[in-house]
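K.L.:
Shown below is the structure under consideration.
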Amino acid sequence: MNRRKIAYWQAGGLLVLTLSGLALSVPDARGQASALLAALAKRPEAQRVASESIGKAKAALQRAEQLRNAGDQKHGTMLEETALEWAMAAELLDKTAQAERGLSQLQARTTELETKVFRAQALVEQTVARRARAEEALRKLDEKGAKP
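For the working numbering, add 21 to where a residue sits in the sequence shown, where the first one is 1.
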């Protein structure tokens, strides 16, 4: 019987350690949101593109802090998760804007290259036409030279 109690205590201790480990491994929404906002703050372009989302994330974090200070942990946690969602939305807006800029540059480069290809084709066609005319003129001169 004594061994059974020890086994239960050991299993219970293992369960507590496992649950506490899981709790520690759960990502901190407040920390993640703050880290995302700090990263976005370093990019003026991100501030311009995602200013509304950044503002809402900051407001949610501020309100979450007020609720936690008032003792409302549940709603504070929910607002921190909301702030994280807004911060991730701001990050996505920034990445989208970067991708659009890159696409715009690629399109401009593509247009430039297409123009160069079109001009090169026109030059090749002109050269082929000149050569054909020159060969025709040479053939005519040869015919005239052969006739007395």
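We treat Cβ as the ideally placed atom computed from N, Cα and C, and that holds for glycine. Bear in mind that the values here come from a model prediction, so they are computed numbers and not experimental data.
1) Taking its Cβ as the centre, do 16 or more other Cβ atoms sit within 10 Å of Val70, making it buried, or is it exposed?
2) Would the region 123-134 and the region 78-90 be scored as touching if the rule is three or more Cβ pairs under 8 Å?
3) Taking its Cβ as the centre, do 16 or more other Cβ atoms sit within 10 Å of Ala111, making it buried, or is it exposed?
4) Would you mind working out which of Gly166, Lys77, Val145 and Phe139 sits nearest Glu106, comparing C-alpha positions?
5) Would you say the region 91-108 touches the region 137-151, given that touching needs at least three Cβ pairs under 8 Å?
6) Taking DSSP as the reference, what is the three-state secondary structure of Asp115?
7) State the start and end residues of the unbroken alpha helix (DSSP H) segment that holds Lys77.
8) I'd like to know whether the C-beta atoms of Thr50 and Asp115 end up nearer to each other than 7 Å.
9) Can you tell me whether Arg140 is helix, strand or coil according to DSSP?
P.N.:
Inspection of the coordinates gives the following:
1) Within the sequence shown, numbered from 1, the residue matching residue 70 stands at position 49. Buried, by the Cβ-count rule.
2) Contact fails: fewer than three Cβ-Cβ distances are below 8 Å.
3) On the sequence shown, residue 111 is found 90 positions in, with the first residue counted as 1. Ala111 counts as buried, since no fewer than 16 other beta carbons sit within 10 angstroms of its beta carbon.
4) Numbered from its first residue, the sequence shown carries residue 106 at position 85. Looking at Gly166, Lys77, Val145 and Phe139, the one whose alpha-carbon comes closest to that of Glu106 is Lys77.
5) Touching, no, given that fewer than three Cβ pairs across the two stretches are closer than 8 Å.
6) Start at 1 with the first residue of the sequence shown, and residue 115 comes out as number 94. Three-state DSSP puts Asp115 in a helix.
7) Taking the sequence shown and counting its residues from 1, one reaches residue 77 at position 56. Run containing Lys77: Ser72 to Asn90, per the alpha helix (DSSP H) assignment.
8) To locate residue 50, count along the sequence shown from 1; it is residue 29. To locate residue 115, count along the sequence shown from 1; it is residue 94. Residue identity check: residue 50 is Ala in the sequence provided, not Thr. The answer is no: Cβ separation not under 7 Å.
9) Residue numbering aside, residue 140 sits at position 119 when the sequence shown is read from its first letter. In this structure, Arg140 counts as helix in the three-state DSSP scheme.
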